[in-house]
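Chains as they are written, first to last, in the working numbering: chain A, 897 to 1191; chain B, 897 to 1191. We put the CB at the ideal spot given by N, CA and C, even for glycine. Fair warning: this is a prediction, and the values are worked out from it, not measured in the lab.
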DNA sequence: TCCCTTCTGAAAACATAGTTTCAGAAAACA
DNA sequence: TGTTTTCTGAAACTATGTTTTCAGAAGGGA
């Protein structure tokens, strides 16, 4: 029936899974992901153990083994073992390569190397106390939160806005057009939090609005790069993300990481209220039929 | 009976074998040597296979498993598997402390662990050929590029749009409001590239617009999660990013990584034109005095 | 909405793996 | 060499793993 996979012979199991991934069904994908999680060990136990670990039934496992072009589960497992033998006995394979099926000079690998290194440096430079302090600020419902980004970082501000908005009220995203900023400023109150994103090619206008906000007693949280935006002197809290990568542009990945970590922190700290809000949102989304519930 | 080996708990199998080697009988030594030859793979098959490979009987194998301090052969094998897991599974991503000045249970460290692991899995599942193919497509100036994201992923679409726009012409970002989509569709031509972002809680409307675009001969590139959006079947190219993190929400960090890698790939491939464009943009930004040059 | 197709897992059927028994073989000792 | 002890593997047996079947569930299409 599924003999369309005759060209699969002697391919890596991971490769095969990847190749057929979009022909797999829901339960099969769930299983595929479990197999790829700590590959290949998870596939070396019994079919029952694998089924349980992935939360599917044993027939599903057996079926997928056939779908991948094997005669049955034992054959699938034999292939895993022989792959392992090839990997373990080859000391070269122990080196850290991110995308194992690409040469290390491939942009994917070079990029991954740099980004992980950037993450390393960023976190070591970041004081957890300051992180916690910011999370704390954002948890206080009486403080309004305002977000603003620059030309490139506006998307990040938007992303953070989308999530904060799900968790609490009084969150606003300031539009990038600087001519309308004065209107936003007069709506800011003492004790409000103003989150600004500014990376190199620092934008002058941002500095101006930050100064005005600071004068009104607004607490400024700055997300910037390793060199530090000039408006650091107006800010109470700073995050410095490393952004240099092998490209003509800078990478926002580490900055997005910090944003998500902050969001996770806030969510963690206000678990009760946020889950409550989320459930309500869930119902709302259901109702508008815009979104379909995930299996 | 052979309970003299009670101190063996949680030792490596190879260690245990060496420890009691001189208490082993002839057939058992023969077996021991087979196990130690390409360790540990040889021990991961069936007891029968191992017996045959070492030229002894199955009872001998079972007996030795007990002699080494295990309850039986399956227990022996489980130990081998768990050793393997510790050895093979990426030592880098496992329990590394990212922010050294925070406890490893701090959300920053937990989050970093997971994201790096996600990056790992994502890259191993990603075929570099498909990556290159997408980069290739985006380099062809005659193809128009259209971008669209969902509720959460719109920011990512915007980010990619901002960068692609700097590099080439004919790039458009489709607004999130689905009522206006038909207007965008009629402007799409055969051979155009349509980049869609869709992660879990997959949005139905996206599927509809994708179908319509596919009918017009538009090439669809999909950024989705590890489970795969249902519109995968309409798309020619797919990126599956791992998005699960210790939070109530999913993480877009790995997806942003992929986006940036694609952007870097395009920029790399079209170096001459892009640098030319960038210089012109540079002059333009200078002129509007919106941006200040770095340092 | 209904119908049809596809997917899924419980349970039965089946196959293989693992253990125990036991008689013969090999070694150890006198 | 004879006696005793220990070792070994064929075979029977038991446990566990794997596949098949099938009915209900979920999803897609009209």
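Please classify residue i: is it buried, with 16 or more other beta-carbons within 10 angstroms of its beta-carbon, or exposed?
i, result
"residue 956 (chain B)", "buried"
"residue 1121 (chain A)", "buried"
"residue 862 (chain B)", "Because chain B in this structure spans residues 897 to 1191, residue 862 (chain B) falls outside the shown range and cannot be described."
"residue 1079 (chain A)", "exposed"
"residue 987 (chain B)", "With a pLDDT of 39 at residue 987 (chain B), under the threshold of 50, the modelled position of that residue is not reliable, and no figure is offered here."
"residue 999 (chain A)", "exposed"
"residue 1153 (chain B)", "buried"
"residue 921 (chain A)", "exposed"
"residue 1027 (chain A)", "buried"
"residue 1023 (chain A)", "exposed"
"residue 1050 (chain B)", "buried"
"residue 1014 (chain A)", "buried"
"residue 939 (chain A)", "buried"
"residue 1167 (chain A)", "exposed"
"residue 946 (chain A)", "buried"
"residue 1083 (chain B)", "exposed"
"residue 1020 (chain A)", "exposed"
"residue 1128 (chain B)", "buried"
"residue 917 (chain B)", "exposed"
"residue 1106 (chain B)", "buried"
"residue 944 (chain A)", "exposed"
"residue 961 (chain B)", "buried"
"residue 1137 (chain A)", "buried"
"residue 1163 (chain A)", "buried"
"residue 1100 (chain A)", "exposed"
Can you check which of these residues, the options, is closest to residue i by C-alpha distance?
i, options, result
"residue 919 (chain A)", "B:1139, B:1163, B:1176 and B:1134", "B:1134"
"residue 951 (chain B)", "B:1094, B:928 and B:969", "B:928"
"residue 968 (chain A)", "A:930, A:949 and A:942", "A:942"
"residue 1016 (chain A)", "A:1149, A:1167 and A:1171", "A:1149"
"residue 1102 (chain B)", "B:1130, B:1030 and B:1027", "B:1130"
"residue 1030 (chain B)", "B:1155, B:1168 and B:939", "B:1155"
"residue 1032 (chain A)", "A:1161, A:911 and A:1168", "A:1161"
"residue 1091 (chain A)", "A:1158, A:961, A:1025 and A:964", "A:1158"
"residue 1081 (chain B)", "B:1104, B:1124 and B:1094", "B:1104"
"residue 959 (chain A)", "A:923, A:1074, A:1025 and A:1151", "A:923"
"residue 1074 (chain B)", "B:1042, B:916 and B:1046", "B:1046"
"residue 915 (chain B)", "B:946, B:1040 and B:964", "B:964"
"residue 1007 (chain B)", "B:980, B:1098 and B:1146", "B:1146"
"residue 1070 (chain B)", "B:1151, B:1109 and B:1124", "B:1109"
"residue 1098 (chain A)", "A:1117, A:1111, A:1107 and A:1126", "A:1126"
"residue 1093 (chain A)", "A:931, A:961, A:1113 and A:1124", "A:1124"
"residue 1048 (chain A)", "B:1056, B:1117 and B:954", "B:1056"
"residue 949 (chain A)", "A:931, A:1118 and A:961", "A:931"
"residue 971 (chain B)", "B:1170, B:909, B:1041 and B:1111", "B:909"
"residue 1117 (chain A)", "A:1169, A:1096, A:1163 and A:1053", "A:1053"
"residue 1119 (chain A)", "A:911, A:1044 and A:983", "A:1044"
"residue 1042 (chain B)", "B:1025, B:1072 and B:1018", "B:1072"
"residue 1115 (chain A)", "A:1059, A:1040, A:1068 and A:1100", "A:1040"
"residue 1018 (chain A)", "A:1170, A:1151, A:1169 and A:1165", "A:1151"
"residue 966 (chain B)", "B:913, B:1058, B:1095 and B:1096", "B:913"
| message | Taking 8 Å as the cut-off, does the stretch 1032-1040 of chain B touch the stretch 1075-1090 of chain B (at least 3 CB pairs, one atom from each stretch)? | response | A contact exists between the stretch 1075-1090 of chain B and the stretch 1032-1040 of chain B.
| Touch test, the stretch 1001-1011 of chain A against the stretch 1127-1145 of chain A, Cβ-Cβ under 8 Å, three pairs minimum | Yes: the two stretches touch, three or more of their Cβ pairs being nearer than 8 Å.
| query | Hey, is the stretch 1048-1068 of chain B in contact with the stretch 1168-1178 of chain B, meaning 3+ C-beta pairs nearer than 8 Å? | reply | Verdict: yes, contact present.
| Using a beta-carbon distance cut-off of less than 8 Å, what residues from the stretch 1009-1036 of chain B approach chain A? | Closer than 8 Å at the C-beta level to chain A, one finds these residues of the stretch 1009-1036 of chain B: 1011, 1012, 1015, 1016, 1017, 1019, 1020, 1021, 1022, 1023, 1024 and 1027.
| field | alpha helix (DSSP H) segments (min. 4 residues) lying fully within the stretch 909-933 of chain A | value | 909-916 and 922-932, all fully within the stretch 909-933 of chain A.
| query | At a cut of 8 Å, does the stretch 964-981 of chain A reach the stretch 929-948 of chain A through at least three beta carbon pairs? | reply | The stretch 964-981 of chain A, when compared against the stretch 929-948 of chain A, does touch it at the 8 Å Cβ threshold.
| message | Please list, in chain order, the residues of the stretch 934-946 of chain A that have any C-beta partner in chain B closer than 7 Å. | response | Per Cβ criterion, the list reads 934, 937, 940 and 941.
| query | Going along the chain, which unbroken runs of the alpha helix (DSSP H) with 4 or more residues stay wholly within the stretch 1098-1162 of chain A? | reply | Unbroken alpha helix (DSSP H) stretches of 4 residues or longer found wholly inside the stretch 1098-1162 of chain A: 1100-1111, given in chain order.
| request: With a floor of 3 residues, list each beta strand (DSSP E) that falls wholly inside the stretch 1032-1086 of chain A, ordered by position along the chain. | output: Every beta strand (DSSP E) stretch that sits fully inside the stretch 1032-1086 of chain A and reaches 3 residues is listed by chain position as 1041-1044 and 1067-1069.
| said: Against chain A, which members of the stretch 1140-1170 of chain B pass a CB distance test of less than 8 Å? | reply: Answer set for the stretch 1140-1170 of chain B: 1141, 1142, 1143, 1144, 1145, 1147, 1148, 1149, 1152, 1153, 1156, 1157, 1159, 1160, 1161, 1163, 1164 and 1170.
| For the stretch 1053-1069 of chain A, which residues have a beta carbon sitting closer than 7 Å to at least one beta carbon of chain B? | Among the residues of the stretch 1053-1069 of chain A, those with a Cβ less than 7 Å away from any Cβ of chain B are 1054, 1055, 1058 and 1059, in the order of the chain.
| task | Check distances from the C-beta atoms of the stretch 1107-1140 of chain B to those of chain A and list, in chain order, the residues that come in under 8 Å. | result | The stretch 1107-1140 of chain B vs chain A, Cβ under 8 Å: 1122, 1123, 1124, 1128, 1129, 1134 and 1136.
| message | Counting only Cβ-Cβ distances shorter than 7 Å, please list the residues of the stretch 965-983 of chain B near chain A, keeping chain order. | response | Taking 7 Å as the Cβ-Cβ cut-off against chain A, the residues of the stretch 965-983 of chain B that qualify are 977, 980 and 981.
| request: Compile a chain-ordered list of the residues in the stretch 1075-1098 of chain A whose CB is closer than 8 Å to at least one CB of chain B. | output: If the cut-off is 8 Å between Cβ atoms, the stretch 1075-1098 of chain A has 1096, 1097 and 1098 near chain B.
| field | Where the stretch 920-932 of chain A meets chain B: residues whose CB sits under 7 Å from a CB there | value | Within the stretch 920-932 of chain A, 925, 929 and 932 place their CB atoms closer than 7 Å to a CB of chain B, listed in sequence order.
| query | Given a limit of 8 Å on CB to CB distance, which residues of the stretch 1038-1053 of chain B reach chain A? | reply | Listed in sequence order: 1047, 1048, 1050, 1051 and 1052.
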